[in-house]
Amino acid sequence: MIKYLSSINGNNHFTIEELSNILKIRKDSVLDALRKKQYQRFVKIEGKGVNRSPFAISITIEGRDFLKLIESLRKLSFNKYS
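When the letters of the sequence shown are read in order and numbered with our numbering, they come out as residues 1150 to 1231.
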């Protein structure tokens, strides 16, 4: 989930196709992962998923907070063992 959130955090809205190209993962796998119940708090999916209204993926406030927490924990553990 961290790689999804860090990719989405750089841009405000992504389509499934754009995100799958960046992560080099199949589109259906990206959509399946983001639709899981435990990740609904971190990612917002808008749109109908059809040509004129593709899914737009963005990060929520909770997702940004979670990403900041993980990054700060990584820095803390890196500094501890350096």
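Beta carbons: idealized from backbone N, C-alpha and C, even for Gly.
Boundaries of the alpha helix (DSSP H) in which residue 1165 is found, first to last residue:
Per DSSP, residue 1165 is one residue of the alpha helix (DSSP H) stretching across 1165–1172.
Does residue 1198 pass the burial test, meaning 16 or more other C-beta atoms within 10 Å, or should it be called exposed?
exposed
Just to confirm, is the Cβ distance from residue 1168 to residue 1151 under 9 Å?
No, these two residues do not count as a Cβ contact at 9 Å.
Cβ-Cβ separation, residue 1227 to residue 1211 (assumed contact under 8 Å), whole Å:
Wrong, their Cβ atoms sit about 25 Å apart, outside the cutoff.
Distance, Cα to Cα, residue 1155 vs residue 1177?
Their Cα atoms are separated by approximately 19 Å.
Separation of residue 1206 from residue 1196, as counted between CA atoms
Distance between the alpha carbons of residue 1196 and residue 1206: 9 Å.
Are there 16 or more other CB atoms within 10 angstroms of the CB of residue 1183, so buried, or fewer, so exposed?
buried
Reduced DSSP secondary structure (H/G/I, E/B, other) of residue 1197
coil
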